[in-house]
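> Protein chains in written order, with the working numbering: chain C, 1 to 340; chain H, 1 to 340; chain G, 1 to 340.
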């Protein structure tokens, strides 16, 4: 869509300085921006680039001074205002409603007329798809899967039977939801599969990155709370619960029956053993390893394997760096003692 | 299927206590169970839940006492008996035999009449598919691939040319078997690809998790032994051999030309360097890192990077936690010495 | 193709010893080779196997002595010569040009007549595909994607809108290029998505392994330089730059806005925090973790988390193994002191 700087400022409830009639049609970095792109200034480096940018309008802190011909929309947190502005400016109508001729859709599926079903999509019996949802090419929706309204499934997403998505859920290409959890009982000389018949429930406003896998529960459900954001290539095992607005970075693995609270942040490649509890707002540093059954307290920041409080990790790491020094001093003391 | 408690007890060769006519139609957790669901009791916590469960029949240790109206099937290992019971109760007939109209099947492929080929499946020349095997939507079976009997390929599995599966193999969505191994020779200013023309052989009763990748051998084969269970997002490189009944947890990576014995257990996110030997029954703790060329002896339990025996790792970790104390004591000794 | 040993030697500009008329039709390991397969001898172990191999021709160092009936093509680096020979001997014509009847191709897409478009491929508006490129089954090429000449996309690759590939690019099954980067701004009680509208540019001669994901830039582009080789299940985040001929092993994760120089080597499961700089020729050991914002100098070899120079890591690790000894010696000194 297109708007004026004044209209955007009104939407953001922000003050404006300069020409309010500057037209806006997109967002960009200062270097790439064309005249009608909005840019933002968060740092001195940004400001220097903004001065030379072709963009005519910038979101910036109140005190920012750019060239006289730039329009400034004032924001205490320019990056936040820019993200909001981008969501507003770049809102798309989505693909046209309707079912592509090559899609294979069960007669018992209920697809909202406003939904868009792409080419080569397979939709099994009793699937339900809500209003204004777009299903990309090669998506597979197994029997009884339920997709809410305004969802976007990019091409090549698999929902196993019975998986349930809330509203405004975005799943990137290669996501697999609801595969069997990894549970066996060894006996009589072989692995017997423990039943993996629970469900997967994905809350509203969840986004899940490319090639991420979330297994179905064994007897209960795997549940991802509203607003959770999950990056690419993440593994979420059976019966895991993740609380509202938590953020899980790429290649992290969460083992079976873990409970993560709200607003937890997991860095990349974190490994969480089974039956762990990660309380609200805890932060797990990249590559941290949480041992089976452990609890990380609310708000705690941990790092390392096994994970420990960040301050403790840093202290130990600093001392480990001094081990050669310790060894030398110990030897010196021993020699000195021997000479007594 | 449906049966009575007595019929199930007979199948399990177990004693029964209470009403033998209780009908059973499924399995569940105590909290979710309906009257006709089987539950199991392994712990005191389970027992407390079982008392209040709607389920009328439980698998439990001999000494268990539940409410008088519950039927108990006695088992020394209730979880194992429950897994066996679930496999029996939940056995499904699978999708109907036949080839979906949208599948693209080469005239030279041999598909057993009892096999089920889902929508949008692509089957190339000279592929063979055995009895009662089900191939899900969007699966790709490259030229000459061979799939045994009673296999299940969930939607969106790729078998590169020539990949061979045994019987009763289950592959989850997104699995890629037989992509080129990662091998190059640098010379004359560029990377030359080392030939990756070996095969992939998957033994009977193997299960492989979502989005896991197993590369073809370079000149020889990559081989996964019978009964092996592999979790999601695991990487198995060219020429790897994995022995019978080994279990590989999520996001583990096994580098080229490694040999794993039988009954090896690898925790999540383990990294194994190339040309390693992991002998029978060894256990690799989560996130452990095995250096190139190393051997882990039969039955050994290792952890850390570089991996060392668990007891040694724990001792070192405990001592590392005491480094601040060591540093203080060393300083004190030096001061005391200086004052002499 | 088929040639004689003499023709191959001429192609390799190498000397030949023995019968120059030996026909060659493939490559193999010594154990598997048939008479017309080329083998190579790099080590004493190879030589012992080569003697008993059915192969009649081997690439070997000058001084190698095999059985009298073997033809030897002399090479200072037999593995390199073998890789070059294999590329020459195994060159295939690729699938026949043309568009499979089941493909869904936009009228505005430009597909070279010599390109091959497999079954169930979806090609959106304004996509361009160059000469002699092969697109496998179930590939999705989003609006405006651009694929160069002589590329090979194995089945089930996703290119989001606008992704650009150079020439001779090979993408393995499950690769996802151009999904949204993982960037949010938290404010007013929710995560706002930072715009992810940059592109992905893949240079000439790049190969990318199965199920690897490379995100689009946020406001700028994500760029993979020419000759880069990326293994399976690797994560490359938004705005990352990777320089020419770098090699990234499986399951490595590269966070947002990192810059890797030319000829960088990353082992498996390496984690690189955001905004890092890895200079030309640096080597990152398996599972190494580079903290946010760090620089690794050209040619440096690092290991561990946090990553440090290899020699330092080894020294610290050796000393950590001696901590029990240190603790005992410290105690002894204290006791001795106490007895003074």
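Ideal placement from N, C-alpha and C gives every residue a C-beta, glycine not left out. Note that this is a predicted model, so its numbers are computed, not measured.
#1: Pick out the complete alpha helix (DSSP H) segments inside the segment 116 to 142 of chain H, 4 residues or longer, and give them in chain order.
#2: Kindly give me the distance between the Cβ atoms of residue 273(C) and residue 243(C), rounded to whole angstroms, as I take these residues to be in contact under 8 Å.
#3: Leaving out the 5 sequence neighbours to the left and right, which residues in its chain are closer than 6 Å to residue 114(C) when beta-carbon positions are compared?
#4: Looking at the unbroken alpha helix (DSSP H) that takes in residue 11(H), where does it start and where does it end?
#5: Mind checking the segment 225 to 254 of chain H against chain C and listing, in chain order, the residues whose C-beta falls within less than 8 Å of any C-beta there?
#6: Since residue 346(H) is in the alpha helix (DSSP H), which residue starts that stretch and which ends it?
#7: Relative to the alpha-carbon of residue 201(G), which residue among 177(G), 191(G), 268(G) has its alpha-carbon at the smallest distance?
#8: Assign residue 92(C) to one of three DSSP states: helix, strand, or coil.
#9: Using three-state DSSP, classify residue 330(C) as helix, strand or coil.
#10: Use the C-beta contact count for residue 23(G): other C-beta atoms within 10 angstroms, 16 or more gives buried, fewer gives exposed.
#11: Could one say the Cβ of residue 220(G) lies closer than 7 Å to chain C's Cβ atoms, at least one of them?
#12: Residue range of the alpha helix (DSSP H) that residue 206(G) falls in?
#13: Whose Cβ in chain C lies nearer than 8 Å to the Cβ of residue 336(G)?
#14: Please list the residues of the segment 143 to 154 of chain C that have a C-beta atom closer than 9 Å to any C-beta atom in chain H, keeping them in chain order.
#15: So which residues on chain G does residue 324(C) lean against when the C-beta distance must stay under 7 Å?
#16: Of all the options 41(G), 316(G), 88(G), which has the alpha carbon lying nearest to the alpha carbon of residue 66(G)?
#17: Kindly say whether residue 82(H), judged by its beta-carbon, lies nearer than 7 Å to any beta-carbon of chain G.
#18: Is the segment 320 to 332 of chain C in contact with the segment 301 to 319 of chain G, if contact means three or more CB pairs nearer than 8 Å?
#19: Under the three-state reduction of DSSP, which class applies to residue 313(G): helix, strand or coil?
#20: Between the segment 221 to 235 of chain C and the segment 244 to 253 of chain C, do three or more beta carbon pairs fall short of 8 Å?
#21: Hey, quick one: how far does the beta strand (DSSP E) through residue 177(G) stretch, first residue to last?
#22: Rounded to whole angstroms, what is the Cα-Cα separation between residue 50(G) and residue 260(H)?
#23: Does residue 339(C) pass the burial test, meaning 16 or more other C-beta atoms within 10 Å, or should it be called exposed?
#24: By the criterion of Cβ-Cβ separation under 7 Å, what are the contact partners of residue 60(C) in chain G?
#25: So what's residue 335(G) in DSSP terms, helix, strand or just coil?
#26: Which of the three DSSP states is assigned to residue 45(H) in this structure?
#27: If the cut-off is 7 Å on Cβ atoms, which residues from the segment 109 to 129 of chain H count as contacting chain G, listed in chain order?
#28: Indicate whether at least one CB of chain C lies closer than 7 Å to the CB of residue 11(G).
#29: Assuming contact is defined by CB atoms lying nearer than 7 Å, are residue 256(H) and residue 221(H) in contact in what I supplied?
#30: Quick one, are the C-beta atoms of residue 346(H) and residue 128(H) less than 7 Å apart?
#31: Check the DSSP bridge columns for residue 184(G) and list the partner residues they point to.
#32: Check each residue of the segment 193 to 212 of chain G: if its Cβ is closer than 9 Å to any Cβ of chain C, include it; give the result in chain order.
#33: Using a threshold of 7 Å, state whether the C-beta atoms of residue 38(G) and residue 85(G) are closer than that.
#34: Closest to residue 287(G) by C-alpha separation, out of 252(H), 31(H), 331(H), would be which residue?
#35: Measure the C-alpha to C-alpha separation of residue 303(C) and residue 335(G) and round it to an integer number of angstroms.
#36: Out of 263(H), 87(H), 7(H), 21(H), which one is the CA nearest neighbour of residue 298(H)?
If we stick to the structure as given:
#1: The segment 116 to 142 of chain H contains no whole alpha helix (DSSP H) run of 4 or more residues.
#2: One-based indexing of the first chain puts residue 273(C) at position 273. One-based indexing of the first chain puts residue 243(C) at position 243. Wrong, their Cβ atoms sit about 18 Å apart, outside the cutoff.
#3: Residue numbering aside, residue 114(C) sits at position 114 when the first chain is read from its first letter. Closer than 6 Å at the Cβ level, and outside the excluded window around residue 114(C), lie 97, 131, 132.
#4: For the purposes of this step, residue 11(H) is identified with residue 11 of the second chain, where counting begins at 1. Looking at the DSSP string, the run of the alpha helix (DSSP H) that includes residue 11(H) is 5 to 12.
#5: Answer in chain order: 227, 229, 231, 232, 233, 245, 247, 249, 250, 251.
#6: For residue 346(H) there is no data in the structure shown, the boundaries of chain H being 1 and 340.
#7: Here residue 201(G) corresponds to residue number 201 of the third chain, with the count starting at 1. Out of 177(G), 191(G), 268(G), 177(G) has the C-alpha closest to the C-alpha of residue 201(G).
#8: Sequence index remark: in the first chain, residue 92(C) carries index 92 (1-based). Coil, per DSSP.
#9: Indexing the first chain from 1 puts residue 330(C) at position 330. Residue 330(C): helix per DSSP, three-state reduction.
#10: Numbered from 1 along the third chain, position 23 holds the residue referred to as residue 23(G). Exposed, because fewer than 16 other Cβ atoms sit within 10 Å of the Cβ of residue 23(G).
#11: Locating residue 220(G) in the third chain gives position 220, where the first residue counts as 1. The beta carbon of residue 220(G) sits closer than 7 Å to some beta carbon of chain C.
#12: Position 206 of the third chain, counting from 1, holds the residue named residue 206(G). No alpha helix (DSSP H) contains residue 206(G), which DSSP labels as neither H nor E.
#13: Taking the third chain and counting its residues from 1, one reaches residue 336(G) at position 336. Those within 8 Å of residue 336(G) in chain C are 337.
#14: Cβ contacts with chain H: none found.
#15: Here residue 324(C) corresponds to residue number 324 of the first chain, with the count starting at 1. Under the 7 Å cutoff, chain G gives 315, 319.
#16: Your numbering for residue 66(G) matches position 66 in the third chain. Looking at the Cα atoms, 41(G) is the closest of the given residues.
#17: Start at 1 with the first residue of the second chain, and residue 82(H) comes out as number 82. It does not: the Cβ of residue 82(H) has no partner Cβ on chain G nearer than 7 Å.
#18: A contact exists between the segment 320 to 332 of chain C and the segment 301 to 319 of chain G.
#19: Here residue 313(G) refers to the residue found at position 313 of the third chain. Residue state, collapsed to three classes: helix.
#20: Under the three-pair Cβ rule at 8 Å, the segment 221 to 235 of chain C counts as touching the segment 244 to 253 of chain C.
#21: Reading the third chain from its first residue, position 177 is the one you call residue 177(G). Element bounds for residue 177(G): 176 to 179.
#22: Counting from 1 along the third chain, the entry for residue 50(G) is found at position 50. Counting from 1 along the second chain, the entry for residue 260(H) is found at position 260. Here the alpha carbon of residue 50(G) sits roughly 26 Å from the alpha carbon of residue 260(H).
#23: Within the first chain, residue 339(C) is the residue found at index 339, counting from 1. Under this definition residue 339(C) is an exposed residue.
#24: Here the question's residue 60(C) lines up with position 60 in the first chain. Within 7 Å of the CB of residue 60(C), no CB atom of chain G is found; the nearest one sits about 15 Å away.
#25: Against the third chain, residue 335(G) aligns to sequence position 335. Residue 335(G): helix per DSSP, three-state reduction.
#26: Taking the second chain and counting its residues from 1, one reaches residue 45(H) at position 45. Residue 45(H): helix per DSSP, three-state reduction.
#27: Those residues of the segment 109 to 129 of chain H that come within reach of chain G (Cβ to Cβ, closer than 7 Å) are 120, 122.
#28: Stepping through the third chain from its first residue, residue 11(G) is reached at position 11. Chain C, which has no Cβ nearer than 7 Å to the Cβ of residue 11(G), makes this no.
#29: Translated into the one-based positions of the second chain, residue 256(H) becomes position 256. Translated into the one-based positions of the second chain, residue 221(H) becomes position 221. Cβ atoms of residue 256(H) and residue 221(H): not closer than 7 Å.
#30: As shown, chain H starts at 1 and ends at 340. That puts residue 346(H) outside it, with no answer to give.
#31: As a working note, residue 184(G) is residue 184 in the third chain. The partner list for residue 184(G) (beta bridge, DSSP) reads 193(G).
#32: Shown in chain order are the members of the segment 193 to 212 of chain G whose Cβ falls below 9 Å from a Cβ of chain C: 193, 194, 195, 197, 198, 211, 212.
#33: Sequence index remark: in the third chain, residue 38(G) carries index 38 (1-based). Sequence index remark: in the third chain, residue 85(G) carries index 85 (1-based). Taking a C-beta distance under 7 Å as the contact criterion, residue 38(G) and residue 85(G) qualify as a contact pair.
#34: If you number the third chain from 1, residue 287(G) lands on position 287. Nearest option by C-alpha distance: 252(H).
#35: Translated into positions along the first chain, residue 303(C) becomes position 303. Translated into positions along the third chain, residue 335(G) becomes position 335. C-alpha of residue 303(C) to C-alpha of residue 335(G): approximately 36 Å in a straight line.
#36: Reading the second chain from its first residue, position 298 is the one you call residue 298(H). Check the Cα spacing between residue 298(H) and each of 263(H), 87(H), 7(H), 21(H): the tightest is with 263(H).
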